[in-house]
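Below is one structure, written out as structure tokens; the observations come after it.
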């Protein structure tokens with residue numbers, strides 16, 4: 001999977017439209033991941049308390 005991602009980045013056109021679209025897709029993915037963390041945070045906080053590994057477990 002990592003090879004596929006790096007291969008896609010190596011072959012991407014460097015036009016403004018392409019890079020803007022990539023930035024938009026990365027931002028949208030981060031937004032949805034953030035919403036996911038928000039939904040499940042309380043559940044994991046209850047289960048693991050103040051564990052220093054809590055964030056890794058949620059991710």
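In full-length UniProt numbering, the protein residues as written are 1 to 59.
For every residue, glycine included, the Cβ atom is placed at its ideal position computed from N, Cα and C.
Only a predicted model underlies this, so the values are computations on that prediction, with no experimental measurement involved.
- For residue 50, there is no enclosing alpha helix (DSSP H), as DSSP marks it with neither H nor E.
- Secondary structure of residue 25 (DSSP, three-state): helix.
- Residue 22 and residue 31 have their C-alpha atoms roughly 14 Å apart.
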